[in-house]
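Q: To start, I am sharing the structure in question, which I have written as C-alpha cells.
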Amino acid sequence: MCVEKSDIQLDKLPKHIAIIMDGNGRWATQRQQQRVFGHEQGAVAVRKTVEAAAELGIEYLTLYAFSTENWSRPQEEVDALMNLLVRSIQAETPTLLKNNIRLQAIGDLGRLSPETRGNLQAAIDQTAHGKRMALVLALNYSARDEMTRAVKNIVAAVHAGNINPEQVNANLISDYLDTRHIPDPDLLIRTSGELRISNFLLWQIAYAELYFTDVLWPDFDKHILYQAIADYQKRERRFGKTGEQIKNAEKK
Ligand code: FPP
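Once you know that position 93 of the sequence shown is 155 in this note's numbering, the rest is easy, because the numbers rise by one and skip nothing.
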C-alpha cells in the first residue's frame, strides 16, 4: 500500500516528528558493500525526508544522527560519519536557506572536533532565521547524558542561590534540557524493525506516539513518512484522560 499526501489530514499534522534512523549498516551488508556506503545512502534519505516534512508543513524534525555510544564504533566508521556530516551540512546549507529551514543541534557538542563544530555552528547561525521548519540534529546525544548535564546545572543553580529547591518541577527540568526551545515530539519513528528507544529523548517522548517500521533507513522515503503520519492520525491521544473526556473537549 503506497500512502500519498492526499491520505493525510493537513489540519492534524504532528507538530514535531523525531526519527531514530537505523539500519544503514544492514542495508549496505545486504548489498555486499561497506557500512559507510549505507551511511552515504542514509544521507540521501535524510535529504528526501527533510524535503517531504517541510513540504507537508511539519514544524520540527529531529534526527538521531550520532549517539554518545556511537564513538565506540570502529574509528574508521566514526571518522566517515563525521566527515559525511560536515560534507552534508556544507552541501545542504544553501538548500536549507532557500527553503526557509533553520538548523539546530542537541547533544554535547563539546566532544565534536573543532572542524565539525565550526561547520555546524556556521550553518546554525546562517539558517537561524528560517521560519518554515526546524531541522534538529541530535549529535553526540543520549537522553541520559542530556539529563545528567541538566541535573548538574540545576544543582549548580541551587548552590548559587538562583533556584530554590521548591521550584524544581517538570517545567523547570524541561528548561534545562537541550530541547528547551523545542516542543516535545508528537510522533517518534524508528526504522529497521528494532523495537527500542535507545536512549533517545526519554523525557520528551512521555506522550509521543511511537511508530516502528521494518524499512531500513536508506530505503525510507516520503511514502513511509506519510504512512507513519496517517497511522498517527488514526490514534486517540489521551494524555492520561479518558476517551470520553477527549471527545467532549473536541466538541467544544
Ligand atoms: C544507524 O544505522 C545510523 C547511524 C548511526 C547514523 C545516522 C547517519 C546518517 C543517516 C548519515 C547522515 C546524517 C546526516 C544528518 C547528514 P546503523 O549503522 O546502526 O545500522 P545497523 O544497525 O544496520 O548496523
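Where a beta carbon is used, it is the ideal one built from N, C-alpha and C, also for glycine.
1) Please work out which residues of its chain come closer than 8 Å, Cβ to Cβ, to residue 140, disregarding the five sequence neighbours upstream and downstream, and give them in chain order.
2) Could you give the distance in angstroms between the alpha-carbon of residue 231 and the alpha-carbon of residue 215?
3) By how many angstroms is the C-alpha of residue 99 removed from the C-alpha of residue 226?
4) Report the residue ranges of all alpha helix (DSSP H) runs contained in full by the stretch 145–192; include only those spanning at least 4 residues, in chain order.
5) What does the alpha-carbon distance come out to for the pair residue 196 and residue 187?
6) Nearest by alpha-carbon distance to residue 127: which of 201, 306, 259 is it?
7) Counting only runs that start and end within the stretch 84–156, where is the beta strand (DSSP E) found for 3 or more residues in a row?
8) Counting only runs that start and end within the stretch 184–258, where is the beta strand (DSSP E) found for 3 or more residues in a row?
9) Output needed for residue 178: all residues of its chain with C-beta closer than 6 Å, excluding positions within five of it in sequence on either side, in chain order.
10) Taking the alpha helix (DSSP H) that residue 268 falls in, what are its first and last residues?
11) Does any heavy atom of the ligand FPP sit closer than 7 Å to the C-beta of residue 300?
12) What's the call for residue 150, buried or exposed, on a 16-neighbour Cβ count within 10 Å?
13) Does the distance from the C-beta atom of residue 82 to that of residue 260 stay below 8 Å?
14) DSSP on residue 308, reduced to helix/strand/coil?
15) Using a Cβ-Cβ cut-off of 7 Å (strictly less than) and excluding sequence neighbours within five positions of residue 220, which residues of its own chain qualify?
16) Whose C-beta lies closer than 6 Å to the C-beta of residue 291 among residues of the same chain, with five residues either side of it excluded?
A: Result, derived from the coordinates:
1) Against the sequence shown, residue 140 aligns to sequence position 78. Answer for residue 140: 132, 133, listed in chain order.
2) Within the sequence shown, residue 231 is the residue found at index 169, counting from 1. Within the sequence shown, residue 215 is the residue found at index 153, counting from 1. Across the structure, residue 231 and residue 215 are spaced so that their CA atoms are roughly 14 Å apart.
3) Start at 1 with the first residue of the sequence shown, and residue 226 comes out as number 164. Start at 1 with the first residue of the sequence shown, and residue 99 comes out as number 37. The alpha-carbon atoms of residue 226 and residue 99 are separated by roughly 51 Å.
4) 176–188, all fully within the stretch 145–192.
5) As a position in the sequence shown, residue 196 is number 134, starting the count at 1. As a position in the sequence shown, residue 187 is number 125, starting the count at 1. Rounded to the nearest angstrom, the two C-alpha atoms are 13 Å apart.
6) Locating residue 127 in the sequence shown gives position 65, counting from the first residue. Nearest option by C-alpha distance: 201.
7) 122–129
8) 195–203, 249–252
9) Sequence index remark: in the sequence shown, residue 178 carries index 116 (1-based). Closer than 6 Å at Cβ, skipping near neighbours: 144, 148.
10) In the sequence shown, counting from the first residue as 1, residue 268 sits at position 206. It is not in any alpha helix (DSSP H) - residue 268 carries neither H nor E in the DSSP assignment.
11) Position 238 of the sequence shown holds residue 300. Not under cutoff, so the answer is no.
12) By 1-based counting over the sequence shown, the position of residue 150 is 88. Under the 10 Å beta carbon count, residue 150 is surrounded by 16 or more other beta carbons and is classified as buried.
13) Within the sequence shown, numbered from 1, the residue matching residue 82 stands at position 20. Within the sequence shown, numbered from 1, the residue matching residue 260 stands at position 198. Yes; because the gap between Cβ atoms is below 8 Å, this pair is in contact.
14) Locating residue 308 in the sequence shown gives position 246, counting from the first residue. Residue 308: helix per DSSP, three-state reduction.
15) Counted from its first residue, the sequence shown places residue 220 at position 158. Here the set comprises 227.
16) Sequence index remark: in the sequence shown, residue 291 carries index 229 (1-based). Excluding positions up to five away in sequence, the list reads 70.
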